[in-house]
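First up is the structure itself, then whatever we jot down about it.
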Amino acid sequence: MSVVGIDLGFLNCYIAVARSGGIETIANEYSDRCTPACISLGSRTRAIGNAAKSQIVTNVRNTIHGFKKLHGRSFDDPIVQTERIRLPYELQKMPNGSAGVKVRYLEEERPFAIEQVTGMLLAKLKETSENALKKPVADCVISIPSFFTDAERRSVMAAAQVAGLNCLRLMNETTAVALAYGIYKQDLPPLDEKPRNVVFIDMGHSAYQVSVCAFNKGKLKVLATTFDPYLGGRNFDEALVDYFCDEFKTKYKINVKENSRALLRLYQECEKLKKLMSANASDLPLNIECFMNDLDVSSKMNRAQFEQLCASLLARVEPPLKAVMEQANLQREDISSIEIVGGATRIPAVKEQITKFFLKDISTTLNADEAVARGCALQCAILSPAFKVREFSITDLVPYSITLRWKTSFEDGTGECEVFCKNHPAPFSKVITFHKKEPFELEAFYTNLNEVPYPDARIGSFTIQNVFPQSDGDSSKVKVKVRVNIHGIFSVASASVIEKQNLEGDHSDAPMETETSFKNENKDNMDKMQVDQEEGGQQKCHAEHTPEEEIDHTGAKTKSAVSDKQDRLNQTLKKGKVKSIDLPIQSSLCRQLGQDLLNSYIENEGKMIMQDKLEKERNDAKNAVEEYVYDFRDRLGTVYEKFITPEDMNKLSVILEDTENWLYEDGEDQPKQVYVDKLQELKKYGQPIQMKYMEHEERPKALNDLGKKIQLVMKVIEAYRNKDERYDHLDPAEMEKVEKYISDAMSWLNSKMNAQNKQSLTQDPVVKVSEIVAKSKELDNFCNPIIYKPKPKVEVPEDKAKANSEHNGPMDGQSGNETKSDSTKDSSQHTKSSGEMEVD
């Protein structure tokens with residue numbers, strides 16, 4: 001079973017796999033450990049990863065990159081409109097209102113949803129993993145930014161399904177980094193001691209995330225997390241691009257931003273310059289040849305200028321650091337280490353800002369690029385039954401507070417209850433109790449929209465169906481379980497109604513009193529809230545903290561004292577006083593893909609994969625023709641020259657030249673079968689020449705081998721004639737057959753060699769190497785059993801055997817049987833098997 005962790009980055013992706021030796025980051029077909037998050041679509045096929053990145057400038061309108069921020073968002077979303085200005089390709093509004101991309105593929109304009117685009121990238125990463133592991137890959141853990149909302153998380157999950165991946169967990173990037181850091185630490189404090197607090201800072205290409213984690217032996221708990229989703233390495237690149245655009249406008253009178261190709265090239269050069277300035281403080285040049293309008297441009301920049309240019313960006317580094325410390329209720333002295341990852345943290349000014357805030361040196365013990373993927377692979381290994389991993393508990397958190405709202409019948413009001421506060425542990429489940437007489441709807445939304453980088457506060461609505469009054473007309477007691485699952489996605493997991501059973505001798509309200517007593521005894525474990533549930537009266541909604549439903553990273557449930565009371569209630573239910581009935585729930589989630597639409601995306605991805613495969617086979621067939629033309633033409637002038645007449649060479653040269661011209665003209669774009677037929681046609685002319693060459697090269701060795709074997713048999717025959725005792729056991733009649741066979745073989749060999757020597761190299765050979773080899777095998781099969789026939793064994797007389805047995809008597813406590821010679825043993829065994837005597 002494969003165990004794969006995927007860092008789905010904005011700019012690059014990394015794949016880590018768990019093996020018996022540990023975690024390994026694997027390389028793609030270009031021997032590169034990072035795969036660009038880039039897809040280029042063409043008239044016949046797709047290029048994904050490194051191949052697509054090389055087409056960003058040449059295939060600008062159809063090369064998709066920088067699409068990670070479009071997940072789960074509508075086309076009219078302000079973030080989408082902001083990104084739209086940056087992107088060189090066209091965005092389009094999809095039928096369901098979400099953002100999609102419009103590109104030209106297979107000679108037609110086609111829209112693709114963001115789930116399809118990310119699905120293409122994940123399918124490529126899946127293929128890379130399978131090639132490295134040499135086995136199918138399905139289960140994986142995928143990283144996402146910690147600030148992703150429910151809609152964005154569900155979108156990434158859908159993309160994984162499009163790629164044919166089973167995502168075991170969507171893991172927050174900073175949590176993955178924390179796992180990669182903590183699981184290998186041997187010196188973590190025990191569970192009963194004060195935890196070690198570590199700050200993890202991740203500034204990638206497009207976002208900035210900070211988290212504080214508490215470590216104990218075998219345990220990781222995320223205390224708080226903050227972020228700036230709009231600060232990353234690309235913002236520093238943009239600052240450089242804007243500066244040089246203004247300079248080139250003044251210096252060269254060109255407007256770079258009007259030319260998308262030139263702008264992309266400038267972005268690439270500015271990214272290189274930024275990396276160089278991180279390692280060098282002196283003036284560094286920027287030179288681009290044939291940049292725009294056949295102009296060569298040049299400029300320079302140093303680190304001091306760069307930091308001054310990016311002063312406003314650097315000022316945004318500190319606020320998230322301050323916020324995370326406040327949310328975690330920690331002071332600087334409570335922090336034992338500051339770990340940084342992400343490409344943008346290599347900027348010296350960013351490091352300086354972090355060091356200045358914490359007043360201590362930062363640590364770079366983790367691989368800045370690969371730590372997220374490695375953490376995801378570790379989490380996948382923990383979740384997979386195929387690997388035995390050190391016990392390590394992971395508790396993440398809910399980044400935004402979540403509130404439920406419902407309608408009440410009292411003066412047409414509404415009720416609200418905050419079910420998960422900000423930084424609440426996750427995954428986690430809670431049970432809310434309602435008193436209702438009819439089906440009702442729960443609306444989930446983010447409590448503080450100003451904290452959420454998303455324009456819509458709604459998460460979704462959940463309708464609890466089949467709710468009716470009790471038989472006595474009272475409201476039914478409905479228990480609703482709400483949950484933030486392992487992916488960080490909120491849902492109403494289940495609902496059930498408690499139905500009274502009117503049994504003789506029992507009070508119908510007895511079980512309700514038992515449950516109420518259970519709640520009153522455990523006030524410390526609950527949050528209570530008064531809500532209006534029906535006209536003329538007040539009813540309660542209890543948001544119960546239920547640790548018995550808390551799910552840890554292994555999926556097991558942990559129980560506490562509260563569960564004992566619940567067990568009593570369950571026993572009461574079993575006795576028939578009340579009955580629990582599961583209720584159906586109808587969900588309507590914000591920006592949720594319909595199953596039919598998702599199935600169509602999966603089907604389309606399968607068709608595109610097949611199209612890519614067919615196109616690869618077609619290109620391979622075309623390349624085979626081209627390779628044959630060039631290779632054979634080269635050999636005609638060298639090794640094949642002696643094996644073809646001048647007339648045939650001229651004719652074949654013309655055919656090869658015509659084929660080459662055809663490949664670059666009419667044959668540029670032909671079906672696979674046309675290339676296969678063309679190759680077979682060329683081989684009809686080339687194979688006879690190639691065969692003559694191969695026969696000429698291999699014939700001497702084959703003839704020499706056959707001649708040696710004939711000479712060897714003739715030596716045996718000569719020794720037999722001279723009464724050599726080694727061969728006196730051979731049968732005379734059989735030896736006569738051998739002599740006759742060898743005579744015929746020599747005649748055959750001499751006649752073929754003489755005939756072949758009279759042939760020119762341009763003529764077909766008289767005897768083929770295969771015939772000579774067959775003759776050699778025939779000689780072995782006929783002669784060897786006769787001339788190498790072993791001598792028969794000589795039997796030792798019984799009296800002599802006894803004498804040998806007495807002579808070789810027991811020595812040093814050994815029995816006589818153990819010291820017998822081999823011949824005596826054979827003799828003893830022979831006489832025993834014949835039944836004449838038996839030897840102890």
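Residue numbers (UniProt numbering): 1 to 840.
We treat Cβ as the ideally placed atom computed from N, Cα and C, and that holds for glycine.
The structure presented is a predicted model; accordingly, all values stated were derived computationally and were not measured.
According to the DSSP assignment, R633 belongs to the alpha helix (DSSP H) that extends over 595-636. The alpha-carbon separation between A755 and V766 amounts to approximately 7 Å. According to the DSSP assignment, S429 belongs to the beta strand (DSSP E) that extends over 428-436. For V241, the closest alpha carbon among the candidates D582, V256, R33, P425 is that of V256.
Pairing M649 with L663, the inter-Cα distance amounts to about 21 Å. Check the Cα spacing between M292 and each of F434, A279, Y252: the tightest is with Y252. Residue pairing from DSSP places F490 in a beta bridge opposite V484. Between the alpha carbons of K134 and S54 lies a gap of roughly 27 Å. By the Cβ test, the stretch 221-240 is in contact with the stretch 142-150, since at least three Cβ pairs between them sit closer than 8 Å. In this chain, the alpha helix (DSSP H) harbouring M649 covers 646-663. In this structure, DSSP gives V497 an extended state, which the three-state scheme calls strand. Looking only at C140, G233, V716, the smallest Cα-Cα distance to E271 is reached by G233.
F215 and K185 do touch by the CB rule: their CB atoms are close to 7 Å apart, below 8 Å. When the alpha-carbon of K479 is set against those of N50, D582, R405, the nearest one is in D582. Note that the stretch 476-494 touches the stretch 434-444; at least 3 beta-carbon pairs, one per stretch, sit closer than 8 Å.
Here Y446 carries a strand assignment [DSSP, helix/strand/coil]. By the Cβ test, the stretch 121-130 is in contact with the stretch 3-14, since at least three Cβ pairs between them sit closer than 8 Å. If you look at E238, you'll find it in the alpha helix (DSSP H) that goes 233-251. Boundaries of the beta strand (DSSP E) harbouring S393: 393-398, taken from the DSSP string.
About 16 Å separates the beta carbons of H424 and R153, which is beyond the 8 Å limit, so they are not a contact pair. Beta-bridge analysis with DSSP links V198 to C213, S337.
Contact between the stretch 599-615 and the stretch 160-178 is present: three or more C-beta pairs spanning the two stretches fall below 8 Å. Boundaries for F227: no alpha helix (DSSP H) harbours it, while the beta strand (DSSP E) harbouring it runs 219-228, taken from the DSSP string. Following the DSSP letters along the chain, one finds D32 in no beta strand (DSSP E), marked with neither H nor E. For A178, the closest C-alpha among the options N704, V137, S337 is that of S337.
Distance between S206 and D361, taken at the CA atoms: about 25 Å.
Closest in C-alpha terms to R84, from the list N599, C421, K68, comes K68. Contact between the stretch 778-792 and the stretch 726-735 is present: three or more C-beta pairs spanning the two stretches fall below 8 Å. Using a Cβ distance threshold of 7 Å, K388 and V431 do not count as a contacting pair. Look at the beta carbons and you see the stretch 758-774 touching the stretch 686-705: at least three pairs across the two are nearer than 8 Å. A straight line joining the alpha-carbon of E391 with that of G218 spans about 6 Å.
By alpha-carbon distance to R86, the top candidate from A51, D237, F420 is D237. Taking the Cα of G72 as reference, the smallest distance to any Cα among Y454, T63, L284 is reached at Y454.
When the alpha-carbon of I79 is set against those of V452, V137, D7, the nearest one is in V452. The beta carbon of N131 sits closer than 8 Å to those of E29, all from its chain and outside the five residues before and after it, given in chain order. Given a length threshold of 4 residues, each whole run of the alpha helix (DSSP H) inside the stretch 704-772 is given here in chain order: 732-758.
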